[in-house]
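Read in order, the letters of the sequence shown correspond to residues -23 to -1, 1 to 97 in mature numbering (1 follows the signal peptide of the UniProt record, and there is no 0).
Heads up, the beta-carbon is just placed ideally off N, CA and C, and yes, glycines get one too.
Right, one structure below, let's go through it.
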Amino acid sequence: MKIFRLVSGTAAALALVTGLAAAQPAAARDRLSPGAAVALGALGGLAVGAVVGSAVAQPQPPVVYRAPPPPPPPVYVEEAAPVYYERPVREVYVERCTTERYREWVPGWGWEHRTRRICN
């Protein structure tokens, strides 16, 4: 940053000296209207102000490296006993059943369809 400041200051001084050395006395009515002369003067003033301001500006603070904090100690976790119990195994007995449909005579009514479950 110090080199940059030195170079920009030197460039600003060189520009100022060159501008003063090349200046010629202005003739009356130098082909510019008074408004154009004011505009050029304002632009030149802004340019010189920017150069001087950048030369005088404070540099940014240097980057500081800070080591990260140490990692936390390891955590050891013991496995807890399960909070559930296994269901007992049910023994399932499968019955082989069938459904049978049949007709039966009902006195005073007639034939009636009925179903009956038959298991072996």
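Skipping 5 residues on each side, what residues in its chain have a beta carbon closer than 8 Å to that of Val83?
-> Glu89
For Ile95, write down the residues that DSSP places opposite it in a beta bridge.
-> Thr75
Tell me where the alpha helix (DSSP H) around Ser31 begins and ends.
-> 11 to 33
In whole angstroms, what separates the C-alpha of Pro11 from that of Val(-7)?
-> 26 Å
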